[in-house]
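As structure tokens, the structure follows; a few thoughts come after it.
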Amino acid sequence: MSLQTTFNASLAQIFRQGLPQKIAVALSGGVDSMCLTHLLHNSKRILNHNVEIYPIMINHNLRPNSRAEIPLVRSELTKLGLQNNFLTKELNFDELEGNSFEEMARLKRYNALQDLCQPLGIHHILLGHHLDDQLETFILRLLKNSGVFGLAGMSPVAKVPTVSPEKLKAVRPLLGVTKSEIIQYCKDNNVSWVEDHTNFEEVALRNVVRKWVKEHEDVKYESLQNFSKVKAFTHTVDSKASALKEAAEINSSALGTITVKLTRDQLKNSSDLVVARMLFKVMYPISPSTNYHYSFNKLLASIPKLRTSSETSFTLLQLQWDLKPTESGVELTVSRQNPATPVEHELTVPANGTSEDILFDNIYWIKIHNNSDTSKSFTVKTLDKDDRGRFVSLPLDFKYSEMKNKPVVVENDKVLGFAQDLDFVDCQLKENIYE
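Using the working numbering, the final residue of the sequence shown is 1326, and nothing's skipped along the way.
Right, here's the structure in full:
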């Protein structure tokens, strides 16, 4: 089977309802992304797809020749008739440093991609990750003692990290394709690409792993088999977790509190791993934790508490978990844990204007509209006990125990109300990237 046929089948599997009108391609100029762009263009031509392709190149300025490579990329895109849709953006990573450099740089790249895609109404961006990348990720996460779901690697479709309330999905149609197949395709079809020699410098751990895998074909085959087993196992667990979620009684309030009711039979018939996975996915939107993805094992260790017959409370994932037995099973009420100090964010909104979107407390996307002829300053903060007496109009159903830590909007030391209740404020929970 040709790579083009494999690619077309992958697209059909991912976009079962048909391709969207617009698709972006993350283009670095390397062989993977050049191959991806060429395949997508051919797919449009062969299958007569009415889709607009937007190649996007983010220049990280981390290599001395990066700007000089753009003309080669533009030349290849001209051959495909895509030069007019070619978008570029410069990034500067000088201010990023320390152990978090790689993660912060990744978020900054996604932010740049979002900035370019949003005005064009693009909701899908294709990435050139392939099977060799999956294997490298698998080995890297083994070295870092990752949990089983981390070992499962990248998904063909995933929501990008939370950088905007707009929804952008990362699509990886080449995950079943090897690097050698990609290179051979480009050679056979006279597709030029830029060689990033830093990929072979043994500075980053991924490059060390890449070189080691290349030199040990026998280990590569064994690792691929192990990766496939992990992938199959996590798929089974996720399927059972989804079924449990459908069977459970789950209620979410606009204020960001989630209640889960599980019957004894549901708990009895579900392993700790399945229960933990279900709760982990459900609770993500209301957790302020910036390390949520790495905290699954902590939640897994707490699941036995759900199987006890006593009432208990605990904090986890920066959430307050209140557990009480019921006649049929257990009821779990989860909300934001009390912060050490109130979370506050200052916003100045221009006259007859709108503020930027802010991810308040890493939970709520908030935007404020100002319809007056003068600029206004607001404070968005988590509700605390001292705020009760500062309300312009205290809600009739006000219960501090249920409303604490929820976002309120303050102007001139007066609490105007809860963010989600004010008609001049847009307030929504962050999107659940695990659904």
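Note that beta-carbon positions come from the ideal geometry of N, C-alpha and C, so glycine has one too.
Provide the residue(s) that pair with residue i in DSSP beta bridges, ordered along the chain.
{"i": "asparagine 1142", "result": "Thr1150"}
{"i": "cysteine 1327", "result": "A question about residue 1327 goes unanswered here, because the residues of the chain that appear run from 892 up to 1326."}
{"i": "histidine 1236", "result": "Val1271"}
{"i": "threonine 1245", "result": "His1260"}
{"i": "glutamine 1211", "result": "Thr1206, Ser1226"}
{"i": "alanine 915", "result": "Tyr945, Ile1016"}
{"i": "valine 1221", "result": "Leu1153, Pro1216"}
{"i": "leucine 1250", "result": "Trp1256"}
Which of helix, strand or coil does DSSP assign to residue i?
{"i": "asparagine 1188", "result": "helix"}
{"i": "alanine 903", "result": "helix"}
{"i": "arginine 1155", "result": "helix"}
{"i": "isoleucine 1013", "result": "coil"}
{"i": "proline 1047", "result": "coil"}
{"i": "threonine 896", "result": "helix"}
{"i": "leucine 910", "result": "coil"}
{"i": "valine 1039", "result": "helix"}
{"i": "glutamine 1116", "result": "helix"}
{"i": "lysine 1060", "result": "strand"}
{"i": "leucine 1197", "result": "helix"}
{"i": "leucine 1004", "result": "helix"}
{"i": "proline 1176", "result": "helix"}
{"i": "alanine 1231", "result": "coil"}
{"i": "leucine 1065", "result": "coil"}
{"i": "histidine 1021", "result": "coil"}
{"i": "tryptophan 1084", "result": "coil"}
{"i": "glutamate 1093", "result": "Low confidence applies here, because glutamate 1093 scores a pLDDT of 48, under 50, leaving its location unreliable; read the following figure in that light. Looking at glutamate 1093 - three-state DSSP - the assignment turns out to be coil, as it is neither helix nor strand."}
{"i": "threonine 1127", "result": "helix"}
{"i": "glutamate 1108", "result": "helix"}
{"i": "serine 1133", "result": "helix"}
{"i": "asparagine 1098", "result": "helix"}
{"i": "glutamate 1326", "result": "coil"}
{"i": "threonine 1181", "result": "coil"}
{"i": "serine 1071", "result": "helix"}
{"i": "threonine 1265", "result": "coil"}
Exposed or buried, residue i, counting other C-beta atoms within 10 Å across all chains shown (16 or more means buried)?
{"i": "threonine 1125", "result": "buried"}
{"i": "glycine 1012", "result": "exposed"}
{"i": "arginine 1101", "result": "buried"}
{"i": "proline 946", "result": "buried"}
{"i": "methionine 892", "result": "exposed"}
{"i": "valine 916", "result": "buried"}
{"i": "glutamine 912", "result": "exposed"}
{"i": "glutamate 1027", "result": "buried"}
{"i": "phenylalanine 1040", "result": "buried"}
{"i": "proline 870", "result": "The structure shown does not extend to residue 870, since the chain is modelled only from 892 to 1326, so the question has no answer here."}
{"i": "asparagine 1296", "result": "buried"}
{"i": "histidine 871", "result": "A question about residue 871 goes unanswered here, because the residues of the chain that appear run from 892 up to 1326."}
{"i": "phenylalanine 1309", "result": "buried"}
{"i": "proline 962", "result": "exposed"}
{"i": "valine 1094", "result": "The pLDDT assigned to valine 1094 is 49, lower than 50, so where the model puts this residue is not dependable, and the model offers no usable value."}
{"i": "lysine 1331", "result": "In the structure as shown, the chain starts at 892 and stops at 1326, and residue 1331 therefore has no counterpart that could be examined."}
{"i": "glutamate 960", "result": "buried"}
{"i": "valine 1225", "result": "buried"}
{"i": "valine 1085", "result": "buried"}
{"i": "serine 924", "result": "buried"}
{"i": "serine 919", "result": "buried"}
{"i": "isoleucine 1289", "result": "Inspection of the sequence shows that residue 1289 is occupied by phenylalanine rather than by isoleucine. Counting Cβ neighbours within 10 Å, phenylalanine 1289 comes out exposed, since fewer than 16 surround it."}
{"i": "leucine 938", "result": "exposed"}
{"i": "glutamine 908", "result": "exposed"}
{"i": "glycine 1019", "result": "buried"}
{"i": "aspartate 1334", "result": "The requested residue 1334 is not part of the displayed model; the chain covers only 892 to 1326."}
{"i": "valine 1062", "result": "buried"}
Whole beta strand (DSSP E) elements within the stretch 920–989, 3-residue minimum: 943–950, 978–981
Any contact between the stretch 1241–1258 and the stretch 1185–1194? By contact I mean 3 or more CB pairs, one from each, below 8 Å.
no
inquiry  = Threshold first: 3 residues or longer. Then list the beta strand (DSSP E) segments lying entirely within the stretch 1280–1324, N to C.
reply    = 1298–1302, 1305–1309, 1316–1320
Any contact of the stretch 1137–1154 with the stretch 1278–1289, i.e. 3+ C-beta pairs under 8 Å? no
Meets three-Cβ-pair contact criterion under 8 Å: the stretch 1254–1272 and the stretch 1303–1322: yes
- [ ] Answer yes if the stretch 1096–1114 comes into contact with the stretch 1045–1060, meaning at least three C-beta pairs across the two stretches below 8 Å, and no otherwise.
- [x] no
_Given 8 Å, three or more beta-carbon pairs between the stretch 895–910 and the stretch 919–938_ = yes
contact_flag[the stretch 963–978, the stretch 1030–1047] where n(CB pairs < 8 Å) is 3 or more
no
Practice task
Take every Cβ of the stretch 1116–1125, pair it with every Cβ of the stretch 1143–1155, and state whether three or more of those distances are shorter than 8 Å.
Solution key: no
So does the stretch 1232–1239 actually touch the stretch 1159–1178, counting three or more Cβ pairs closer than 8 Å?
no
Margin query: So, does the stretch 976–984 touch the stretch 1013–1025, judging by three or more C-beta pairs under 8 Å?
Written below: no
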